[in-house]
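Residue numbers (numbering that gives the first Met the number 0): 0 to 297.
Backbone N, C-alpha and C fix where the C-beta goes; we use that ideal spot for every residue, glycine too.
Written out below as C-alpha cells is the structure these notes cover.
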Amino acid sequence: MWAGVLPAVTAKFTEAGALDHKEMERCFARQIAAGVDGLIVNGSLGEGPMLSHDERLEVLALAQSVAGARPVLMTIADAATRDCATLASRAAKAGASGLMVVPSLVYHTNPKETVATLKAVAEAGDLPVMIYSNRIAYRVDVTVEILEELAKDSRFVAIKESSDDIRRTTDIINALGERYDVFTGVDNLAFEALTVGAVGWVAGLVIAFPEETVAIYRLMKAGRYAEALAIYRWFRPLLDLDVSSYLVQNLKLVEALVTGTTEHVRAPRLPLEGEQRAKVEKIVAEALATRPLLAKAA
0 MWAGVLPAVT AKFTEAGALD HKEMERCFAR QIAAGVDGLI VNGSLGEGPM LSHDERLEVL
60 ALAQSVAGAR PVLMTIADAA TRDCATLASR AAKAGASGLM VVPSLVYHTN PKETVATLKA
120 VAEAGDLPVM IYSNRIAYRV DVTVEILEEL AKDSRFVAIK ESSDDIRRTT DIINALGERY
180 DVFTGVDNLA FEALTVGAVG WVAGLVIAFP EETVAIYRLM KAGRYAEALA IYRWFRPLLD
240 LDVSSYLVQN LKLVEALVTG TTEHVRAPRL PLEGEQRAKV EKIVAEALAT RPLLAKAA
C-alpha cells in the first residue's frame, strides 16, 4: 500500500513556543518538491508527544495542504491507550491517510498488552496502520510473532522496523512474505534494509537532504547499487546523528544549518550547545563541502 521515502517531518515553533504554520508549510513543501512519497507528522522527530491533540491535528492539516495526492500519516503516541484511540478517531475524521502507531509510549507492555493496544487504536481510527516497532527508544518490541497475530486484521498494512537489528527485516519477510510493507526506520541502516527487501524508508535526515535521500532510494530500486552506496557513504556521518537520544536537537540543527529554518524545540528539550553543537556543525560543514552530484534515477 505504501512505499518509498516518507519523511518524519519536524514541527516548527516560533520563538515564543507556538506552532509556526508558515515555516512548516515551507519545509513540508520542500520535501514534496524533492520527490518524497508522502509525509509522516507528529512522530518522535516531530515532537508529537510534546504537542496537544489539537496542535497535532493542526500539523496534520498543514501537511495535507501541501502534500497533494501523496499520503499523510498521523503518528499516534500517548501514554494511555484511551488517549491514543481518541486521537486516532480524530485523525480519521480529519482525513489522515493512515496512522503510524507507537504501541506504548511509557509503559513497557507485554506481548498480550501490545496486541490489545494496537488493535484498540486500529479499531478507533479504522484507517490503514503502520506499526512503529522501536524497542530501543520505547522498550516495546513488536516481534515477528506479534506481527503474525496482527496480520489477521487487514488494517495493519506496514511496519516501521526500528529494532536496530538488520536481521529483523529478513525475519519478517521470511515469516510473512509481502503481508506487510516493511519500512526501515533507522537512518544509518537504510541501505542495508533496502538491500534485503524493505520497500520504504521512514527517514529523518531527509528533512535537510531530501534530494540525496530520494536519490538513494530510487537508485536502489533501479538496481544501481554502487551509485546509491556512494551517496550513502557520504551521508553516513549525518545519518548517524539520527541514532541518539538527542536526535530531535541534532536533526533540527542540521535542518537549520542547511535550509535556513529555525531550530526551536519544545521543553524539556533545549537546543544543543557546547561540544555537542560543535560536533554537529563540523559534520554538516564537511558534508556540504563534499556534497555529491546526483545522477538521475528511473
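If we cut at 8 Å on Cβ distances, does residue i have a partner in chain C?
i	result
P102	No chain C appears in the structure shown, which is made up of a single protein chain.
Starting from the C-beta of residue i, find all residues in its chain whose C-beta is less than 6 Å away, skip the five residues before and the five after it, and write them out in chain order.
i	result
G97	L72, L126 and P127
What would DSSP say about residue i, mapped onto helix, strand or coil?
i	result
Y137	helix
D180	strand
W233	helix
A123	helix
K92	helix
M129	strand
G47	helix
I158	strand
F12	strand
H294	Checking the sequence, you will find Ala at residue 294 rather than His. Coil, per DSSP.
M99	strand
L18	strand
Taking residue i as the reference, give the member of the options with the closest Cα.
i	options	result
L117	V105, V101, Y179 and G196	V101
V143	D170, S161 and A123	D170
R134	D163, E148 and A121	D163
E160	E177, G124, T194 and W200	W200
D82	D53, L246, R29 and N109	D53
Q30	R166, G3 and P291	G3
V139	K111, L237 and K151	K111
Going by beta carbon distance, what residues of the same chain come within less than 7 Å of residue i, once the five residues before and after it are set aside?
i	result
A294	E226
A87	I75, L98, V120, A123 and G124
Once the 5 residues before and after residue i are set aside, which same chain residues still bring their CB inside 8 Å of it?
i	result
L104	P48, A76, D77, A78 and Y137
According to DSSP, residue i sits in a beta bridge with which residue or residues?
i	result
M73	V40 and L98
W1	DSSP output for W1 lists no bridge partner at all.
G199	G3 and F182
Counting Cβ pairs, one atom from each stretch, are 3 or more of them under 8 Å apart for the segment 14 to 26 and the segment 228 to 245? no
Does the count of Cβ pairs from the segment 127 to 138 and the segment 150 to 163 closer than 8 Å reach three? yes
Contact between the segment 166 to 182 and the segment 25 to 35 (3+ Cβ pairs under 8 Å): no
Are the segment 193 to 209 and the segment 34 to 41 touching, with three or more C-beta to C-beta distances below 8 Å? yes
Cβ pair count under 8 Å reaching 3, the segment 37 to 55 against the segment 73 to 82: yes
Hey, is the segment 2 to 11 in contact with the segment 254 to 273, meaning 3+ C-beta pairs nearer than 8 Å? yes
Determine contact between the segment 80 to 94 and the segment 51 to 59, defined as no fewer than three beta-carbon pairs at a distance below 8 Å. yes
Check whether the segment 186 to 193 and the segment 264 to 273 touch, using three or more Cβ-Cβ pairs below 8 Å as the test. no
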